[in-house]
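Asks: FYI, in mature numbering (1 follows the signal peptide of the UniProt record, and there is no 0) the residues of the sequence shown are -19 to -1, 1 to 596. Even glycine gets a Cβ: it sits at the ideal position worked out from N, Cα and C. All values derive from a computational prediction rather than experimental measurement.
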Amino acid sequence: MTKRRLWSGALLGAALLLAGCGGSRPDDARAALERQRAALEDAIADNPEAVVERVALARVATRLGDGVAAEAAVKEALAAGGNAAVLRPLLARAYAMQDDGRRALAVLDAGPIAADMAGEAAWVAADVHLADGDLGAARAALDRAVRELPHEAALWVDVARFREASADTLGARDAVDYAIELDPTNSAAFALKANLIRDQQGLTAALDWYDKALAADPGNAEALIDQAATLGDLGRYRDMLTALRRAAAIVPGEPRLYYLQAVLAARAGRFALARSLLQRTRGQMDDEPGFLLLSAIVELELGGQALSASWSERLVEAQPHNFTARRLLAAANWADADSEGAAEALAPIVARADADSWSLLLAARVAAERGRMQESAALQARAAALSPGEAAPFALDGDDTLVAMAADAAPLDPSKAIPAISADIAHDRFARAIARATKLRDANPGVADAHLLFGDAAMAGGRYELAVAAYRKARDLDAGEAPALRLANALFRAGDPAGSGAAVLALRDSQPSSVAADRLAAALAMDMERWDQAIAHLDRVRRRIGDRDVVVLRDLARAWMAKGDPVRALPLAARAYRLQPLNGEIMLLYAELLAGQGDAKNAEALRDKAAQIGR
């Protein structure tokens, strides 16, 4: 839970005991709190009946993030005659900090709450409801808390967190900015601002805000961990490791530290070390998608196909449309001789018109192993084309009429409206789809996904200018890949290739780790015959995903050949040919390079093969 200052009018005497903290330098704040804790413990030892000192000790422990010590201090204050109506919210906070939301709510319901502690009680309840995913109850509790404590900066940080969890990006920004206005030294507010900026403007822009959070409180482990993750995404691995070490000195048993170190180890190819680090999380991150994905990759690399399949299957169950997880599950099942499991994992991918060649090739091998030779040949032909079509923007399930009726009854319920928009698009009812999406967008102006949905409906109906405007708004709220790539596509379709290229490059600048941005930037550079730029982008992609992408290998070979360096181009074309031996374009490229190296016989054989396939 977040460290907070939780004073109330009834406990001003306790607050005065902590006044010395106000003048501390940020790097002394935690040490000052520890000194205050020691002083209060000494005072209590001299006066076993002291109530105010025990309450002050509970608040110090709360600020230090020590829920166990806070609980003990509050219970001792109650035993010494403290007012239960005043102390119930503090005890509830202590339980909530220990992730025991049930006991926290039970304490709040156990008796009356002092009037000047009503805001704090509502605040604790809001945090518990938010942690439980009950956004409706959290919203109501936060409203009560804000009415009672309108100028409490730390409360506004929690309001911002709630709005972020509700996908209300604009609302979250407003709340965190107000928290910073109320308390310019609030480290938690700066850290949350950094996370919001990361989503809005990209990785690099967030770093200054993490620095501000850590300047306000060098002991803010949350900020250090988030900063480390951002530095890792930027490829600044030394700086990432430094941040992780600083965080480890503060929260040595924090499982995310082991997870992020495992990410570093895996990126360096040290998979055994990565496995060891993942195991040290002791099951505390087993439900996190990133942890599941990394575990599946590590086990597959170490030959643990069954374990890899188990991890990736759990991720697919949680995120059935996560195609990376499906590819991993298929690869693990296939390596474990489970052809049926591999086929099942790949089915939703190969059913799409824009299925990638790797998935199609694996599906072809699986089909061949199952004796389905005709299906295998068709899949190989699709993979060889390397020119995927455009997939439908939505998957369609269920009865069209029932879906429409449900959406008409609840037009602002995304769970009802989105399937109806899917159905409308599938049946070319574009005006109705746009109208439904407009209602959702207007009701949720600060939610990036609402603008994306409207843009998708407009794109499907050929309303490219509407789509461009919607995707721009979504990108203003979220600088991630989805809004930027949709914007680039819409601009291109609207006849603005320069604007499309600018959108891609903006994504590349804000998200340097984006494989999609590098791929598109490479394609733009190829079109403009800027071979050095194309090679730089493609090499970054190759380092991230390896030598298994035929298109990357083909384009790298082309770029090196265009630069006049066929020696570098030849092994790339050879690798592409081995991966995709039925692609005529790759055959001709490889043949040209072989001929240039004096291997006329093999070059001619490849040309003949390409001609036969092209007939």
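Where Arg549 and Ala418 are concerned, what is the direct C-alpha to C-alpha distance, given to the nearest angstrom?
Replies: In the sequence shown, counting from the first residue as 1, residue 549 sits at position 568. In the sequence shown, counting from the first residue as 1, residue 418 sits at position 437. Computed Cα separation, rounded: 50 Å.
Asks: Would you decide whether Arg179 is buried or exposed? Buried here means 16 or more other CB atoms lie within 10 Å of its CB.
Replies: In the sequence shown, the residue the question calls residue 179 occupies position 198. By the 10 Å Cβ count, Arg179 comes out buried.
Asks: Look at the alpha carbon of Leu458 and the alpha carbon of Leu551, and state the distance between them as a whole number of angstroms.
Replies: Here residue 458 refers to the residue found at position 477 when the sequence shown is read from its first residue. Here residue 551 refers to the residue found at position 570 when the sequence shown is read from its first residue. Roughly 44 Å separates the two Cα atoms.
Asks: If you draw a straight line from the alpha carbon of Asp214 to that of Ala58, how long is it in whole angstroms?
Replies: Position 233 of the sequence shown, counted from the start, is the residue given in the question as residue 214. Position 77 of the sequence shown, counted from the start, is the residue given in the question as residue 58. Looking at the two C-alpha atoms, the distance is approximately 47 Å.
Asks: By Cβ distance below 7 Å, which residues in the same chain neighbour Arg154 in space, the five residues on each side in sequence not counted?
Replies: For the purposes of this step, residue 154 is taken as the residue at position 173 of the sequence shown. Excluding sequence neighbours, Arg154 sits near Leu177.
Asks: Please say whether Gly436 and Ala471 have beta carbons closer to each other than 8 Å?
Replies: As a first step, residue 471 is located in the sequence shown; it is residue number 490 there, counting from the start. As a first step, residue 436 is located in the sequence shown; it is residue number 455 there, counting from the start. At the C-beta level, Ala471 and Gly436 come within 8 Å of one another.
Asks: With the cut-off set at 8 Å, would you say Ala503 and Leu519 are in Cβ contact?
Replies: Looking up residue 503 in the sequence shown gives position 522. Looking up residue 519 in the sequence shown gives position 538. It is a contact, given that the beta carbons lie within the stated cut-off.
Asks: Taking the Cβ atom as the reference point for each residue, do Ala475 and Trp512 lie within a distance shorter than 8 Å?
Replies: Locating residue 475 in the sequence shown gives position 494, counting from the first residue. Locating residue 512 in the sequence shown gives position 531, counting from the first residue. Contact: no.
Asks: Taking Cβ to Cβ, would you say Ile94 is nearer than 8 Å to Ala66?
Replies: As a first step, residue 94 must be located in the sequence shown, where it is residue number 113. As a first step, residue 66 must be located in the sequence shown, where it is residue number 85. Yes; because the gap between Cβ atoms is below 8 Å, this pair is in contact.
Asks: Less than 7 Å between C-beta atoms, sequence neighbours within five positions excluded: which residues of the same chain meet that for Ala126?
Replies: Counting from 1 along the sequence shown, the entry for residue 126 is found at position 145. Around Ala126: Gly100, Ala103, Trp104, Ala107 and Leu136.
Asks: Going by the CB atoms, is the gap between Arg521 and Asp499 shorter than 8 Å?
Replies: For the purposes of this step, residue 499 is taken as residue 518 along the sequence shown, with counting starting at 1. For the purposes of this step, residue 521 is taken as residue 540 along the sequence shown, with counting starting at 1. Yes, the Cβ-Cβ distance between Asp499 and Arg521 is below 8 Å.
Asks: In chain order, what residues of the same chain lie with their CB nearer than 7 Å to the CB of Ser495, ignoring the 5 residues before and after it?
Replies: By one-based count along the sequence shown, residue 495 stands at place 514. Contacts found: Glu462, Leu488 and Arg489.
Asks: Tell me which same chain residues have a C-beta within less than 7 Å of the C-beta of Ile278, skipping the five on either side of it?
Replies: By 1-based counting over the sequence shown, the position of residue 278 is 297. If we look at Ile278 and ignore the five residues flanking it on each side, its Cβ neighbours are Ala247 and Leu309.
Asks: Could you tell me which uninterrupted alpha helix (DSSP H) segments, each at least 4 residues in length, are contained entirely in the stretch 80 to 122, listed from first to last along the chain?
Replies: 82 to 90 and 99 to 112
Asks: Below 8 Å on the Cβ atoms is my guess for Val347 versus Ala323; work out the distance and round it to an integer in Å.
Replies: What you label residue 347 is simply residue 366 of the sequence shown in a count that begins at 1. What you label residue 323 is simply residue 342 of the sequence shown in a count that begins at 1. So it is a contact: roughly 5 Å between Cβ atoms.
Asks: Could you say which of Arg353, Asp139 and Ser338 lies nearest to residue 597 if we only look at CA atoms?
Replies: No answer is possible for residue 597: the residues shown for the chain start at -19 and end at 596.
Asks: For the candidate residues Leu68, Ala313 and Gly264, whose alpha-carbon lies nearest to that of Gly284?
Replies: In the sequence shown, residue 284 corresponds to position 303, counting from 1. Taking only the C-alpha atoms, the option nearest Gly284 is Ala313.
Asks: Going along the chain, which unbroken runs of the alpha helix (DSSP H) with 4 or more residues stay wholly within the stretch 2 to 63?
Replies: 10 to 27, 33 to 44 and 48 to 60
Asks: Can you look up Val428 in the DSSP assignment and give me helix, strand or coil?
Replies: Reading the sequence shown from its first residue, position 447 is the one you call residue 428. Three-state result, Val428: coil.
Asks: Within a Cβ cutoff of 6 Å, which residues of the same chain sit near Asp220, ignoring the five residues on either side of it in sequence?
Replies: By one-based count along the sequence shown, residue 220 stands at place 239. Result list for Asp220: Leu212, in chain order.
Asks: Drop a sphere of 10 angstroms on the beta-carbon of Ser403, count the other beta-carbons inside from all chains shown, and report buried for 16 or more, exposed for fewer.
Replies: What you label residue 403 is simply residue 422 of the sequence shown in a count that begins at 1. Classification for Ser403: buried.
Asks: Going by the beta-carbon positions, is the gap between Ala172 and Glu145 smaller than 8 Å?
Replies: Along the sequence shown, read from residue 1 onward, the residue named residue 172 stands at position 191. Along the sequence shown, read from residue 1 onward, the residue named residue 145 stands at position 164. Cβ distance not < 8 Å, so Ala172 and Glu145 don't count as in contact.
Asks: Is Ala247 near the ligand MN - that is, is its Cβ less than 7 Å away from at least one heavy atom of it?
Replies: In the structure on display, the ligand MN does not appear, and there are no ligands present to speak of.
Asks: Answer with buried or exposed for Pro464, where buried requires no fewer than 16 other C-beta atoms within 10 angstroms of its C-beta.
Replies: For the purposes of this step, residue 464 is taken as the residue at position 483 of the sequence shown. Pro464 comes out buried.
Asks: Kindly list the residues whose CB is nearer than 6 Å to the CB of Gly427, restricted to its own chain and excluding five residues on each side of it in sequence; keep chain order.
Replies: In the sequence shown, counting from the first residue as 1, residue 427 sits at position 446. Around Gly427: Asp149, Thr150, Leu151 and Gly152.
Asks: By how many angstroms is the C-alpha of Ala344 removed from the C-alpha of Ala364?
Replies: Position 383 of the sequence shown, counted from the start, is the residue given in the question as residue 364. Position 363 of the sequence shown, counted from the start, is the residue given in the question as residue 344. Rounded to the nearest angstrom, the two C-alpha atoms are 10 Å apart.
Asks: Which same chain residues, not among the five before or five after Leu259, have their C-beta less than 8 Å away from its C-beta?
Replies: Translated into the one-based positions of the sequence shown, residue 259 becomes position 278. So the qualifying residues of the chain are Tyr239, Tyr240, Ala243, Phe272, Leu275, Ser276 and Val279.
Asks: Specify, as a first and last residue, the run of the alpha helix (DSSP H) that Leu163 falls within.
Replies: If you number the sequence shown from 1, residue 163 lands on position 182. Thr150 to Leu163 is the extent of the alpha helix (DSSP H) around Leu163.
Asks: Using 8 Å as the threshold, is the C-beta distance between Ala398 and Leu433 below it?
Replies: Taking the first residue of the sequence shown as 1, we reach residue 398 at position 417. Taking the first residue of the sequence shown as 1, we reach residue 433 at position 452. No, these two residues do not count as a Cβ contact at 8 Å.
Asks: DSSP state of Pro131, grouped into three classes?
Replies: Here residue 131 is taken as the residue at index 150 of the sequence shown, counted from 1. Coil at Pro131, not helix or strand.
Asks: Quick one, which of Asn564, Arg84 and Leu342 has its alpha-carbon nearest Leu72's?
Replies: The residue you call residue 72 lines up with position 91 of the sequence shown. Of the candidates Asn564, Arg84 and Leu342, the one whose C-alpha sits nearest the C-alpha of Leu72 is Arg84.
Asks: Apart from the five residues on each side of it in sequence, which residues of its chain come closer than 6 Å, Cβ to Cβ, to Gln578?
Replies: Taking the sequence shown and counting its residues from 1, the one referred to as residue 578 is at position 597. Correct list: empty, nothing qualifies.
Asks: Return the chain-ordered ranges of every alpha helix (DSSP H) run that is complete within the stretch 276 to 350 and spans a minimum of 4 residues.
Replies: 286 to 299, 304 to 316, 320 to 331 and 338 to 350
Asks: Excluding the 5 residues preceding and the 5 following Thr305 in the sequence, name in chain order all residues of the same chain whose CB lies nearer than 8 Å to its CB.
Replies: Translated into the one-based positions of the sequence shown, residue 305 becomes position 324. Here the set comprises Leu274.
Asks: Can you list, in chain order, the residues of its chain with a C-beta nearer than 7 Å to that of Ser147? Leave out the 5 residues immediately preceding and following it.
Replies: Taking the first residue of the sequence shown as 1, we reach residue 147 at position 166. Hits under 7 Å: Leu116.
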